[in-house]
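Chains S and F supply the protein sequences, listed in that same order.
Each residue of the first sequence is one higher than the last, beginning at 8 in our numbering.
Each residue of the second sequence is one higher than the last, beginning at 1353 in our numbering.
We treat Cβ as the ideally placed atom computed from N, Cα and C, and that holds for glycine.
One structure below.
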Amino acid sequence: MNAGTPAAVRIPLIERVTDAAISGFLWALRIIVILVVVIGSYLTLASGRYTNNWLDFIVGGVVLGSIYALIALGYTMVYGILRLINFAHGDIFMAGAVGGYFTAVALASVDFLNGGVINAIVSVALMMVVAMAVAVVIALLVERVAYRPLRNAPRLVPLISAIGASWTIEYTFRGFLGPGIYAYPDIGVLLENVPVPFQLRWVDLLVIVSAVVMMVILYLFVQRSRMGTAIRAVSEDKATAALMGIDVNRTIEVTFAVGAAMAGAAGVLYGLEFRQVFFLTGFVPGVKAFAAAVLGGIGNVPGAMLGGLFLGQVESWGPTLFLAGLGVPAVNQLRDVIAFTMLVLVLVFRPSGILGERITAARA
Amino acid sequence: MEAQAGALRSPEKADFGWRPILQAGLIGFGVTVYLCITGIVGTFAERPIIADVVSLGLTSLLLAYVAAGYLGARAAGVPGGMRIAAGALSGLMAGLGPAALVLLRQVVDYRGFAIQASPALFDLLTFGLGVAGVWIMPTAALLIGAATAAAGAARPAIRRLVIWTFGSLVVLGLFSPLIRVPLLNSPVPSLGSTLFAIQGLTIVGALVTVLIAVGGEEFVRWLAPRQRIAALPARRRQALTGPALVAGLLVVAWLPFGFTSFFAQVVALVAIYILMGFGLNITLGLAGLLDLGFVAFFAVGAYTVGLLTSTGEYGIAHWSFWAAVPVAIVMAMIFAFIFGLPILGIRGDYLAIATLGFGEIVRILANSTLLLPWLGGPQGVLDINKPIPVGPTDPLAGPNQIYYIALVCAAIVAFVSLRLRDSRLGRAWVAIREDEDVAEALGVNLVQTKLLAYMLGAAFAGLGGAVFAALIGSVFASSMQLYVSINVAALIIVGGMGGVPGPIVGAIFLIGLPELFREFAAYRYLFYGISLIAMMLYRPEGLVPSRIARRELHVEPKAPTDGAAVAAGETTAA
């Protein structure tokens, strides 16, 4: 063994060539993305066709982003504490939306739903409570059955179990609801415009305000309360937390419950905003909210909020701004492509996300 | 939880507790209610096991009672009468589920909240007697629970006989349409009509089945083939392998002709999925890269073959299938290279999401107006010729040739992946799967090695897509859904990674069976989801794992430990 001599550690030519090819490729990717963004934006703006739409796009982006942010919180908290991508989280969001739907139907059937402003507020509050309850129950069930027994298993095992949990929830609801799309009952007052100089409905305002309120509460809960401290301690180091007298299992349960409650509420907001729900409603928002969580730096609570809002913005005006100028037809079909591309770009070029430093711990 | 798990695991413990029994009953109750309101009972009722007597829907409820009785008896932990009483109690509780649904319906019409709670379901649950029949289910459940508990205590021989009999009834009942048609065309058509109804067994058929099952069980036990073969001297055992192999191959080759033409189509599809399963086996099973975007490469292969061979609107070359396949494979590998290069630096679970994103990107693009002029969007690429142009009556017509092509390809892929597994590259993959840092420290070039695994997997996905295009004769954007990735991933996870039999078994169970029972398509992915969780909990190495995977992944359930020790274990795992 002459491992100490320089000759032994010389990197073979083929590896150097591939390494060069890889970094060249990554640079080409960067340049292409930047070129598409810059040229596309320039051409779109220069065409002057969309001058009136940008404010609408931004409002739409804030609404969408608030919902993503709420869902992303659940991903980020669970990932922070268990290092597990809770694949079923998007479906828990869907369960919340379905719970809210049935509450709304029940309220509509007793002629309560559309009886003025007070009724609307009470209805929405009730819908949220039911949705949160449904979501929390399902999330705790999933945690108990599919995740807890696998906490010591190799990482791929709980991930696969999470995917299984996702399909189980989806197709349980498929059985329960049938394949059809359910239209959320209209709450008349919510669909009227807020008296501001741009297009903003009350429902948009409701989504934004309730999302902000919930995020503030959550932030205070995680940073200030005893349980929040326990959650942070457990995500930092389970063994030490347990030695300090923290009930690890209970802390994890609370984390799941809080994340699910946020997702359930987001489900109702989503339903009110987009006014439909079916058994696969959770899939695409779920993946995108995960992207938002990664974008903000997974494991980082303010990061998830920021990432959600950012993704909402890019998704809202990105297709038009970047692609319409390049002559791409029907740009809105490609919304999801932009969101997924952004996820991949973040993972490749800045895996720690906007605010993340926890990622280094997560990767270890 | 911990204490209760301990009670469940030590039946010799003499203290008799009510709580675990009630818990088992409660689980049973939940399961039966679940089976009813998700529509499983109602939908499966359309599939008789014994015509006009027992349907699959009813069987699902009966199985739930059996399970509840079994769990209750196990929870009781004591031998004798109390054990049977415990089984009866938890069985009864399970049986109260349907009864509760029926009674609730008397109070309030909740169909607006549970569309499956239809009058037909209530007819089923009360055996058509209305509220008057509400007692039947709980009573039956009580008896079944007690019987299960009693059978559990009986001699193993009797237990095995019971399982064997009921198993063969269910299997024969389910597959009866498949067996009936060839029997009707056989020299003794009356055999088909007496034993089998159009769907399900006749009562005569059921009795015959029971007799054969009992006799067969005795016969097999007398024959004891495994022990006999094991007892043979090594040379004679080897001499047996050749003929056994030939016989097996003949059966496999005969399969598409044995039954209906629909069955031929299904076996062709199964063969394609076996082929793709072997492909993903390299990416996931060997290198540990969870690729949920397999459909992207499947789509690339399918569209390449479609565009190159189609004689329709979007065809660009009118090539033959055989010329197009290598191009399809190369294209899939090029796409894998482009996708893989940036993302393979990412670890484990992030990779799953990133690849999922790729799958979606490809699907959306295939469906988009942007690529409509080239790929045909939702209308797709039509008129793809079969690889071997033969007349409609030729034995190689239709799906049959695809079946053979896919099988040959699968065999090649299996051979390649086995040889790779035992090569230097394969060991590098396994090293990466086990621990990237250690692998890198040992001189494995991570990106290069992972990229090779990813590209090889993609090549086989592209091949699968190419054969699929030939099977269907057209390529639609709507065929390129996420479920292709899901199917392939699920089948090798359930079947078992790393070896040859795993993907085969997985494809038969997860592709073949659901295709044969198309009417249950709505519950297919529910079944997948539950089986994935169950596999991860009880058998993470898969149904038929390779020897290595079994050794690596199978962990014997450990005795429950206190919180601190569990937490300590977690940190090492993380």
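Below 7 Å on C-beta distance, what does residue i contact in chain F?
| i | result |
| --- | --- |
| residue 32 of chain S | 1693 |
| residue 297 of chain S | 1705 |
Quick one: grab the DSSP three-state call for residue i.
| i | result |
| --- | --- |
| residue 1400 of chain F | strand |
| residue 208 of chain S | strand |
| residue 354 of chain S | helix |
| residue 1828 of chain F | coil |
| residue 1412 of chain F | helix |
| residue 1356 of chain F | For residue 1356 of chain F, the predicted structure reports a pLDDT of 46, less than 50, and the residue's modelled location is therefore unreliable. A value from the coordinates is still provided. It is helical. |
| residue 1883 of chain F | helix |
| residue 1442 of chain F | helix |
| residue 1662 of chain F | coil |
| residue 1733 of chain F | strand |
| residue 121 of chain S | coil |
| residue 1470 of chain F | coil |
| residue 1720 of chain F | coil |
| residue 1672 of chain F | coil |
| residue 1520 of chain F | helix |
| residue 116 of chain S | helix |
| residue 1539 of chain F | coil |
| residue 1575 of chain F | helix |
| residue 1787 of chain F | coil |
Give the residues of chain F in contact with residue i, contact being defined as C-beta atoms less than 9 Å apart.
| i | result |
| --- | --- |
| residue 336 of chain S | 1720, 1721, 1722 and 1724 |
| residue 22 of chain S | 1797 and 1800 |
Using the beta-carbon count (16 or more within 10 Å), is residue i buried or exposed?
| i | result |
| --- | --- |
| residue 1370 of chain F | exposed |
| residue 1478 of chain F | buried |
| residue 1789 of chain F | exposed |
| residue 1670 of chain F | exposed |
| residue 1606 of chain F | exposed |
| residue 1776 of chain F | exposed |
| residue 1783 of chain F | buried |
| residue 24 of chain S | exposed |
| residue 1410 of chain F | buried |
| residue 1685 of chain F | buried |
| residue 1501 of chain F | buried |
| residue 1548 of chain F | buried |
| residue 252 of chain S | exposed |
| residue 1626 of chain F | buried |
| residue 1624 of chain F | buried |
| residue 78 of chain S | buried |
Residues of chain S with a CB under 7 Å from the CB of residue i: which are they?
| i | result |
| --- | --- |
| residue 1701 of chain F | 92, 162 and 166 |
| residue 1465 of chain F | 109 |
| residue 1305 of chain F | Residue 1305 of chain F lies beyond the range of chain F shown here (1353 to 1926); nothing can be said about it. |
| residue 1892 of chain F | 160 and 164 |
| residue 1625 of chain F | Per Cβ cutoff of 7 Å: no residues; residue 1625 of chain F is ~17 Å from chain S at best. |
| residue 1635 of chain F | Within chain S, no residue comes near residue 1635 of chain F; the closest Cβ sits about 12 Å away, beyond 7 Å. |
Give me the chain S residues within the contact set of residue i, using Cβ-Cβ distance strictly less than 8 Å, ordered along the chain.
| i | result |
| --- | --- |
| residue 1757 of chain F | Correct list: empty, because the minimum Cβ distance to chain S is about 31 Å. |
| residue 1651 of chain F | Within 8 Å Cβ-Cβ: nothing; residue 1651 of chain F doesn't reach chain S, min ~14 Å. |
| residue 1610 of chain F | By Cβ distance, chain S contributes nothing, its closest Cβ being about 32 Å from residue 1610 of chain F, past 8 Å. |
Going by DSSP, which residues form a beta bridge with residue i?
| i | result |
| --- | --- |
| residue 1553 of chain F | F/1402 and F/1548 |
| residue 283 of chain S | S/190 |
| residue 44 of chain S | Per DSSP, none; premise fails for residue 44 of chain S. |
| residue 200 of chain S | S/208 |
| residue 1407 of chain F | F/1400 |
Please compile the residues from chain F whose C-beta is within a distance smaller than 8 Å of the C-beta of residue i.
| i | result |
| --- | --- |
| residue 156 of chain S | 1889 |
| residue 340 of chain S | 1716, 1719, 1720, 1721 and 1722 |
| residue 270 of chain S | Within chain F, no residue comes near residue 270 of chain S; the closest Cβ sits about 17 Å away, beyond 8 Å. |
Using a C-beta to C-beta distance shorter than 7 Å, which residues of chain C count as neighbours of residue i?
| i | result |
| --- | --- |
| residue 347 of chain S | Protein chains S and F are contained in the structure displayed, whereas chain C is not. |
Interface residues of chain S around residue i at Cβ under 9 Å?
| i | result |
| --- | --- |
| residue 1878 of chain F | 174, 175, 177, 178, 179, 181 and 182 |
| residue 1881 of chain F | 170, 171, 172, 173, 174, 175, 176, 177, 178 and 179 |
| residue 1655 of chain F | Ordered by position in chain S, no residue passes the 9 Å Cβ test against residue 1655 of chain F, which lies about 17 Å from the chain. |
Relative to chain S, which residues along the segment 1437 to 1449 of chain F have a C-beta separation below 7 Å, given in chain order?
none
Taking only beta carbons into account, state which residues of the segment 71 to 99 of chain S come closer than 7 Å to chain F, listed in chain order.
90 and 92
Beta carbons nearer than 8 Å to chain F: which residues of the segment 177 to 199 of chain S have them?
177, 178, 179, 181, 182, 183, 184, 185 and 186
Taking a cut of 8 Å between CB atoms, which residues from the segment 1792 to 1810 of chain F lie near chain S?
Within the segment 1792 to 1810 of chain F, the qualifying residues are 1797, 1799 and 1800.
Could you run through the segment 115 to 134 of chain S and flag, in chain order, every residue whose CB is less than 9 Å away from some CB of chain F?
116
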